[in-house]
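A.B. asks:
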Amino acid sequence: MKSKKDGVVRTKDLEGKKVLVTAGPTREPIDAVRFLSNPSTGRMGFALASAAERRGAEVILISGPTVLVPPEGINFIRVGTALEMYQAVLRELQGVDIFIAAAAVADYHPKKFFPGKIKKQGRKNLLLQLQPNPDILKEVGRKKGEKILIGFSAETEGLVKNACLKLREKNLDFIVANDLTQEGSGFALETNRVKIIDREGRIENLPLMSKAKVAEHILDRVGEVMKSRKALGA
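In the working numbering, the protein residues as written are -19 to 214.
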């Protein structure tokens, strides 16, 4: 089904589907004023949520801290830490058809949280002991069933090798990989240059484009997976 808005024809290929998207960074508190995080702004995840909603899906967007305004027409859930995002994803996973993990989730958090502000006076060094956060995508991969799962891999080296390893380990249908060393790609930008890699090892190289356009390409690939599954089940 297609709809026409502002003179643009839009497909409704996700009508009747429930889509869960994660976006943004997580913040792992060190003390009352400091935290571990990364430069993610959430733009990619928000673009995916908006595009999925326009295509007719019921959309849940779980986002870490960001200044972006939540898209209209979706169920928006704000979280802070990786553990909070993990808990929110598992809570909302029931009935989801498509899970897109676009959030840049911290791999580790400080083992101990200092309830006040750590003072530098009298300290030559400050040592932090870190422990791993739960692996959201791996846990969802274990519960995959008939869900379509998409992950992201942001790398500075070994892009295809590391992305393919993550695709297999997390039980994904395809993965979106980007090289953070390339101009116009990565965090805190409105553009990206990505490779979409599927379970058969096929690679689609997308040129530099806006994250909104990347989102449309990703959802087009989701549509292809749905058609392929339908054909196999016919």
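Quick reminder that beta carbons are idealized off the backbone N, C-alpha and C, glycines included.
Everything numeric in this text was worked out from a predicted model, so none of it was measured.
Go through the segment 115 to 177 residue by residue and report every complete run of the beta strand (DSSP E) that reaches 3 residues or more, in order.
C.D. replies: Within the segment 115 to 177, the complete beta strand (DSSP E) runs of at least 3 residues are 128 to 135 and 154 to 159.
A.B. asks: Would you check if there are 3 or more beta carbon pairs closer than 8 angstroms linking the segment 47 to 65 to the segment -4 to 16?
C.D. replies: Contact holds: three or more Cβ-Cβ distances are below 8 angstroms.
A.B. asks: May I ask you to report which of helix, strand or coil DSSP gives A81?
C.D. replies: Strand.
A.B. asks: Who are the near neighbours of I98 in its chain, counting only those whose CB is closer than 8 angstroms to its CB and skipping five residues on each side?
C.D. replies: Excluding positions up to five away in sequence, the list reads I10, D11, R14 and L106.
A.B. asks: Per DSSP, what kind of secondary structure is A214 in: helix, strand or coil?
C.D. replies: Residue placement at A214 cannot be trusted, given a pLDDT of 45 that sits under 50; the coordinates are not used to answer.
A.B. asks: Mind pulling the alpha helix (DSSP H) runs of 4 or more residues that sit fully within the segment 1 to 66?
C.D. replies: Counting only runs of 4 or more, we get 23 to 34.
A.B. asks: So, with DSSP's three-state summary, where would you put G203?
C.D. replies: It is helical.
A.B. asks: Between which two residues does the beta strand (DSSP E) harbouring Q111 extend?
C.D. replies: Counting along the chain, the beta strand (DSSP E) containing Q111 begins and ends at L110 to P112.
A.B. asks: Excluding the 5 residues preceding and the 5 following D215 in the sequence, name in chain order all residues of the same chain whose CB lies nearer than 6 angstroms to its CB.
C.D. replies: This structure gives no information on residue 215, because the portion of the chain shown stretches from -19 to 214.
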